[in-house]
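Take the sequence shown: its letters are residues 704 to 807, numbered as in the numbering used here.
Don't be surprised by glycine CBs; every beta carbon is placed ideally from N, CA and C.
All values derive from a computational prediction rather than experimental measurement.
As structure tokens, the structure follows; a few thoughts come after it.
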Amino acid sequence: MKTKFFTLIAAFLLTLSAQATCTVTTDCGTYTFEDATSISTSVTSVNGESTLIVKNQNGVVLLRLEDCGTSVSSSCSSSGNDGDGDLDICDVIPDFLKPFFDCE
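What follows is the structure in structure tokens.
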């Protein structure tokens with residue numbers, strides 16, 4: 704029972720700490736989207752008027768810009784990890800739980 708409880712807590716903390724922030728840079732400015740793990744961008748041009756659409760990982764439209772040019776760059780970076788892409792659970796759990804995960 705104790706192992707299941709601590710596994711559940713660890714999974715919950717891992718989910719909370721593995722969030723990402725995505726940034727889109729256009730000719731009109733830079734836009735940051737918290738809690739997006741990935742984004743997609745599409746630019747369409749009809750009769751010389753461009754439309755940029757930015758969607759998150761679930762397909763939800765986060766941003767729609769009219770006539771901002773066609774230059775678009777995007778990037779996503781995760782937070783809550785040690786910089787090399789691997790999450791260290793010892794960095795996110797409370798001190799009183801660290802002995803159970805061999806984090807001393």
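Where Cys779 is concerned, the enclosing beta strand (DSSP E) starts and stops at Val775 to Ser781. Cβ neighbours of Glu737 within its own chain (closer than 7 Å, five residues either side excluded): Thr724.
One alpha carbon belongs to Thr733, the other to Gly751, and they sit about 23 Å apart. Non-local beta-carbon contacts of Ser781 in its own chain, meaning distances under 6 Å to residues more than five positions away in sequence, involve Ala723 in chain order. Contact annotation: the region 762-782 does not touch the region 799-806, with fewer than three C-beta pairs closer than 8 Å. Ranked by Cα distance from Cys731, the options Asp805, Ile792, Leu768 and Cys806 are led by Leu768. Minimum Cα-Cα distance from Ile742 among the listed residues Cys806, Asp770, Ser776 and Ser753 corresponds to Ser776. Residues Val746 and Ser753 of the same chain have their beta carbon placed closer than 6 Å to that of Thr773, with the five preceding and five following residues left out of the count.
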